[in-house]
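**Q**
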Amino acid sequence: MILALAPMQDVTDLAFMRTLSRIGSLPDMLITPYFRSTATTCAMGDENLRCIRENETGLPIHAQLAGSDAAALVRDATELLQLPVAGINLNAGCPSPLVNRHGAGAALLRDKENFREILLRLRDAVPEGKFSVKCRIGWSSPAELEGILPLVAEARPDLAIFHLRTRADLYTSKLRWDLGPAIVQALPCPVLLNGSIDSTAMAQRALEETSCAGLMLGRAAVRNPYLFRMLRGGAHASREEMCNYYNTLIEETGRILHENATQAAHCNRMKKYLAFCYDDFSDIQEYALRRCIDINQMRTILTK
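The working numbering applies: residue 22 is where the sequence shown begins, and numbers increase by one.
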């Protein structure tokens, strides 16, 4: 079973990756949040580059590209391959309106001809063993999957990751587990499945019902990073371990912030992760955390 950390903009960043390493609950592979590629420029954001250049986890890290211009994506993939990356991942699944209005992310699924060109040109530009694609099952309907799978199969990616929802579903509808076997059978590469996998029971169901090669965890891993350990048969997280997680994340966010960052800025950085954790706290704790501007006070609330 292959386990991967899902790329989440401003969340599964260098601090979070380092935290996973320090608490001893790691996936098998990492993917950066997306680099935005356009015809005129690539937003080679410093934070994403730090994920690559300052990777201390010992795990392979893949650079994710989001864009809708084939030539620009090839240009930027070629540049990123000069860095210590394990490969290039094409983002064909992000449902963000900001990304989609430019035809990128999940919006690629609306223009099959352009999607095919991008896939084939990236396949030609990226060495064997280093090209992957992350995709949804459609833009507005699961029926679109029938037309998407041949395009992905033709490009022969080395790994395919499918979020079992359409873009219209965002993150709220039920996952379409029934489509998993068709995806696995249609593609000539390992397939990872993604989407709200938040327990060992759900993970086991995914593996048994679809015969997929592995799973990608995102929001659930931010809420409970010990899921990676648990999926390998390890113990559930204790309260002490969760406190250690929060403490470690506070330390690692401090490491990546500018030395002149304020207490409030540090707290705001932490709130990007805590947005996925509030269900584990009382209403009073959540209220306090959302309004906290002192990092030591935040540490006390998280670990008491």
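Just so you know, even glycine gets a beta-carbon here, dropped at the ideal spot from N, CA and C.
Run through DSSP, which three-state label would residue 164 get?
**A** Of the three classes helix, strand and coil, the one that applies to residue 164 here is helix, per DSSP.
**Q** Roughly how many angstroms lie between the CA atoms of residue 89 and residue 141, to the nearest whole one?
**A** So the two alpha carbons sit approximately 13 angstroms from each other.
**Q** Just the Cα atoms here: how many angstroms apart are residue 248 and residue 167?
**A** In a straight line, the C-alpha of residue 248 is about 32 angstroms away from that of residue 167.
**Q** Quick one: what does DSSP say residue 157 is sitting in, helix, strand or coil?
**A** Residue 157: strand per DSSP, three-state reduction.
**Q** For residue 58, which of helix, strand or coil comes out of DSSP?
**A** Looking at residue 58 - three-state DSSP - the assignment turns out to be strand.
**Q** Would a C-beta distance cut-off of 8 angstroms place residue 192 and residue 32 closer than the cut-off?
**A** Not in contact: residue 192 and residue 32 (Cβ atoms no closer than 8 angstroms).
**Q** Would you check if the segment 126-138 and the segment 194-205 touch, i.e. whether three or more CB-CB distances between them fall below 8 angstroms?
**A** In short, these stretches do not touch, since the Cβ pair count stays below three.
**Q** Could you check the C-alpha separation between residue 37 and residue 317 for me, to the nearest Å?
**A** Taking the straight line joining both Cα atoms gives about 19 angstroms.
**Q** Taking only the alpha-carbon atoms, compute the straight-line gap between residue 224 and residue 252 and give it to the nearest angstrom.
**A** Answer to the nearest angstrom: the Cα atoms are 8 angstroms apart.
**Q** Can the beta-carbon of residue 163 be found less than 8 angstroms from the beta-carbon of residue 200?
**A** Taking 8 angstroms as the Cβ cut-off, residue 163 and residue 200 qualify as a contacting pair.
**Q** Let me confirm a value: residue 257 is counted as buried when at least 16 other C-beta atoms fall within 10 Å, else exposed. Which label applies?
**A** Residue 257 is exposed by the Cβ-count criterion.
**Q** How far does the beta strand (DSSP E) with residue 108 in it reach, from first residue to last?
**A** From DSSP, the beta strand (DSSP E) with residue 108 extends over 108-113.
**Q** According to the neighbour-count rule (16 or more other Cβ atoms, all chains shown, within 10 Å of its Cβ), is residue 91 buried or exposed?
**A** Buried, because 16 or more other Cβ atoms sit within 10 Å of the Cβ of residue 91.
**Q** Just reading off the beta strand (DSSP E) that residue 85 is part of, what are its end residues?
**A** Here the beta strand (DSSP E) through residue 85 covers 82-87.
**Q** Output needed for residue 233: all residues of its chain with C-beta closer than 7 angstroms, excluding positions within five of it in sequence on either side, in chain order.
**A** Answer for residue 233: 201, 205, 212, 213, 214, 227, listed in chain order.
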